[in-house]
Amino acid sequence: MILKQYAKLKRDLTAFNQVSSPPFDGVSSHSSQNGAESRLINQVDLSYQLQEVEDALNAIDDRKYQFILHDYIIEKRFSRNEACERLSVSVIKFNYLKNKALEVFKIKYM
200 MILKQYAKLK
210 RDLTAFNQVS
220 SPPFDGVSSH
230 SSQNGAESRL
240 INQVDLSYQL
250 QEVEDALNAI
260 DDRKYQFILH
270 DYIIEKRFSR
280 NEACERLSVS
290 VIKFNYLKNK
300 ALEVFKIKYM
């Protein structure tokens, strides 16, 4: 699921940005891509994936859904019981809200 991968993608992009890449020499190599090109393509791909997820999350107006998607699923800041307490709902209601939040995210992400 893309939401569970989101935090990892964000860490990967941060780590990628911290690693200095060698300068691109402009000389074509015999391979289809040199290392600098591959790293640049990877960085652009990670950035694009992250931006798509962030755009979908930002398009969701319901604060409960945002909390469930970001704090509970992506960041894993709270256990299910803690999330229920924060939202003042039962486990059954929380599961319902979580499923609705995921449905809304799916629509916004597509």
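Going by the working numbering, the first residue of the sequence shown is number 200, and it counts up by one from there.
No residue lacks a Cβ here, since even glycine has one placed at the ideal position from N, Cα and C.
Note that this is a predicted model, so its numbers are computed, not measured.
Can you have a look at A214 and say buried or exposed, based on whether 16 or more other CB atoms are within 10 angstroms of its CB?
-> Mapped onto the sequence shown, residue 214 falls at position 15. Counting other Cβ atoms within 10 Å of its Cβ, A214 stays below 16 and is therefore classed as exposed.
Return the Cβ separation of A300 and L268 in integer angstroms, given the expectation that the two are a contact with Cβ distance under 8 Å.
-> As a position in the sequence shown, residue 300 is number 101, starting the count at 1. As a position in the sequence shown, residue 268 is number 69, starting the count at 1. The Cβ separation is near 5 Å, so the contact holds.
DSSP-derived helix/strand/coil call for E253 = Residue mapping note: residue 253 aligns to position 54 of the sequence shown, counting from 1. E253 falls in the helix class under three-state DSSP.
In chain order, what residues of the same chain have a beta carbon less than 6 Å from the beta carbon of I240, not counting five sequence neighbours either side?
-> Numbered from 1 along the sequence shown, position 41 holds the residue referred to as residue 240. So no residue of the chain qualifies.
Assigned secondary structure, V303 (DSSP; H/G/I helix, E/B strand, else coil) | In the sequence shown, counting from the first residue as 1, residue 303 sits at position 104. Helix, per DSSP.
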